[in-house]
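Peer 1:
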Amino acid sequence: MQNRPLVHLLAVFLGGVLGSALRLGLDLAIPHADQQFPVDTLLINTVGSFVLGWLTAGVFRRGMSSIVKAAVGPGLLGSFTTFSAVILALVLLTVSGPDQLILAVVYLVATLSLGLGAAFLGLRLAERRDRGRRVEEPMR
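Going left to right, the sequence shown walks through residues 297 to 436 as the working numbering numbers them.
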């Protein structure tokens, strides 16, 4: 990345624009009030965790351009999934009233469990696919 930092920065910027637009689209498609379970943020972070895990174990390891990696990883997925959105959803649930505290805890546990599970699944599926390809490739 040292050889062309401006190109990488532009790639992250463009990926970020796309990721932010995708996130807004899902936020608008699955709206919720502040005191409701934030299904949209949970879905976004779970999907993003899976995709990043899958890319890390698969596509990123096979010599993808560092510019594309910058655009997709920190750019697109970095702006699509956001820790700050998770924290804000938790805070909004907890300040909505004492009866929402249980919902906030459920959301936190679901976010961590699904995010970790999705990233692990993405890694394992990509690794399995790559092992299958190595077996099928003819010897040279």
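Glycine included, C-beta positions come from ideal geometry on N, C-alpha and C.
Note that the coordinates shown come from a computational prediction; the quantities given were computed from them, not determined experimentally.
Return the first residue and the last residue of the alpha helix (DSSP H) that Leu372 is part of.
Peer 2: As a working note, residue 372 is residue 76 in the sequence shown. Unbroken run through Leu372: none, as it is neither H nor E.
Peer 1: Report buried or exposed for Leu412, applying the criterion of at least 16 other Cβ atoms within 10 angstroms of its Cβ.
Peer 2: Position 116 of the sequence shown holds residue 412. Looking at its Cβ environment, which holds fewer than 16 other Cβ atoms inside 10 Å, Leu412 is exposed.
Peer 1: Count the other CB atoms within 10 Å of the CB of Leu408; is the residue buried (16 or more) or exposed (fewer)?
Peer 2: Sequence index remark: in the sequence shown, residue 408 carries index 112 (1-based). It counts as exposed.
Peer 1: So, with DSSP's three-state summary, where would you put Phe333?
Peer 2: To locate residue 333, count along the sequence shown from 1; it is residue 37. Phe333: coil per DSSP, three-state reduction.
Peer 1: Looking only at its chain, what residues have a beta carbon closer than 7 Å to the beta carbon of Leu237, apart from the 5 residues adjacent to it on each side?
Peer 2: The structure shown does not extend to residue 237, since the chain is modelled only from 297 to 436, so the question has no answer here.
Peer 1: Out of Arg429, Arg427, Gly312, which has the shortest C-alpha to C-alpha gap to Gly369?
Peer 2: As a position in the sequence shown, residue 369 is number 73, starting the count at 1. Of Arg429, Arg427, Gly312, the residue nearest in Cα terms is Gly312.
Peer 1: For the alpha helix (DSSP H) containing His304, name the first residue and the last one.
Peer 2: Mapped onto the sequence shown, residue 304 falls at position 8. It spans 301 to 325 - the alpha helix (DSSP H) in which His304 sits, taken as one unbroken run.
Peer 1: Is DSSP giving Ser361 helix, strand or coil here?
Peer 2: On the sequence shown, residue 361 is found 65 positions in, with the first residue counted as 1. Coil at Ser361, not helix or strand.
Peer 1: Would you check if the distance between the CB atom of Leu386 and the CB atom of Ala400 is smaller than 8 Å?
Peer 2: For the purposes of this step, residue 386 is identified with residue 90 of the sequence shown, where counting begins at 1. For the purposes of this step, residue 400 is identified with residue 104 of the sequence shown, where counting begins at 1. It is a contact, given that the beta carbons lie within the stated cut-off.
Peer 1: Output needed for Gly374: all residues of its chain with C-beta closer than 7 Å, excluding positions within five of it in sequence on either side, in chain order.
Peer 2: As a first step, residue 374 is located in the sequence shown; it is residue number 78 there, counting from the start. Hits under 7 Å: Gly312, Gly315.
Peer 1: Among residues of its own chain, excluding the 5 on either side of Met297, which ones have a beta-carbon nearer than 6 Å to its beta-carbon?
Peer 2: The residue labelled residue 297 in the question sits at position 1 within the sequence shown. Annotation note: pLDDT 45 at Met297 (below 50); position unreliable, coordinate value reported separately. So the list reads His304, Ser362, once near-sequence residues are dropped.
Peer 1: Near Arg425, which residues of its chain fall below 7 Å by C-beta distance, leaving aside the five closest residues on each side in sequence?
Peer 2: Within the sequence shown, numbered from 1, the residue matching residue 425 stands at position 129. So the qualifying residues of the chain are Gly354.
Peer 1: Just to confirm the assignment, what range does the alpha helix (DSSP H) spanning Thr390 have?
Peer 2: For the purposes of this step, residue 390 is identified with residue 94 of the sequence shown, where counting begins at 1. Run containing Thr390: 379 to 391, per the alpha helix (DSSP H) assignment.
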